[in-house]
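Peer 1: Below you will find the structure I want to go over with you.
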Amino acid sequence: MGSADVARGPADRLLDFWVAMAALAGMLLGGSATVMAVQTGAWVSAALFGQPTLLCVIIVVANIVVEAMSATMALFGALAAPLLAIPPLRRRIERIRAQWQASSRMS
263 MGSADVARGP
273 ADRLLDFWVA
283 MAALAGMLLG
293 GSATVMAVQT
303 GAWVSAALFG
313 QPTLLCVIIV
323 VANIVVEAMS
333 ATMALFGALA
343 APLLAIPPLR
353 RRIERIRAQW
363 QASSRMS
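With the first letter of the sequence shown counted as 1, position 46 gets the number 308 in the numbering used here; the numbers rise by one all the way through.
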């Protein structure tokens with residue numbers, strides 16, 4: 263079974279590139295509409311524009327955090343690869359990986 267055959271949940275779909283771009287566009291448009299509504303004193307409109315804008319902000323921030331974590335993990339993985347040549351470090355890393363795999367099987 264390939265990676266394309268795996269069913270994806272709603273949380274996984276929120277991290278797609280096009281969803282992030284749509285959320286960014288919604289954040290910009292909804293944010294500007296909210297600011298204009300606040301400046302004119304239309305508080306009901308500001309609240310109605312602000313709610314979906316807040317959801318867009320949450321999606322954009324989640325995407326930024328996930329991408330930053332992914333880049334950081336890749337960087338640490340590349341920097342740690344030469345350290346595997348040292349036997350005590352290799353044994354310790356293998357022990358950590360075994361514990362992580364055992365805990366991921368249990369959940």
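Think of the CB as a built atom: it goes at the ideal place given N, C-alpha and C, for glycine as much as any other residue.
Alpha carbon to alpha carbon, what distance is there between A273 and M263?
Peer 2: Unreliable placement is indicated for M263, whose pLDDT of 44 sits below 50; the coordinate value is still reported in the next sentence. Roughly 21 Å separates the two Cα atoms.
Peer 1: On the criterion of 16 or more Cβ atoms from any shown chain inside 10 Å, does I320 qualify as buried, or is it exposed?
Peer 2: I320 should be labelled exposed.
Peer 1: If I follow the unbroken alpha helix (DSSP H) through G288, where does it start and stop?
Peer 2: Per DSSP, G288 belongs to the alpha helix (DSSP H) from 279 to 302.
Peer 1: Helix, strand or coil for G339 per DSSP?
Peer 2: Helix at G339.
Peer 1: Alpha carbon to alpha carbon, what distance is there between I358 and M368?
Peer 2: Distance between the alpha carbons of M368 and I358 is about 16 Å.
Peer 1: Is C318 closer than 8 Å to A295 when the C-beta atoms are compared?
Peer 2: Not a contact, by the Cβ cut-off of 8 Å.
Peer 1: Would you give the residue range spanned by the alpha helix (DSSP H) that L351 belongs to?
Peer 2: Element bounds for L351: 349 to 368.
Peer 1: When the Cα of A282 is compared with those of A299, W305, E329, which residue comes out closest?
Peer 2: Comparing Cα-Cα distances from A282 to each of A299, W305, E329, the minimum goes to E329.
Peer 1: Using 10 angstroms around the beta-carbon of A371, count the other beta-carbons present and answer buried if the total reaches 16, otherwise exposed.
Peer 2: It is not possible to answer for residue 371, since the shown part of the chain is limited to 263 through 369.
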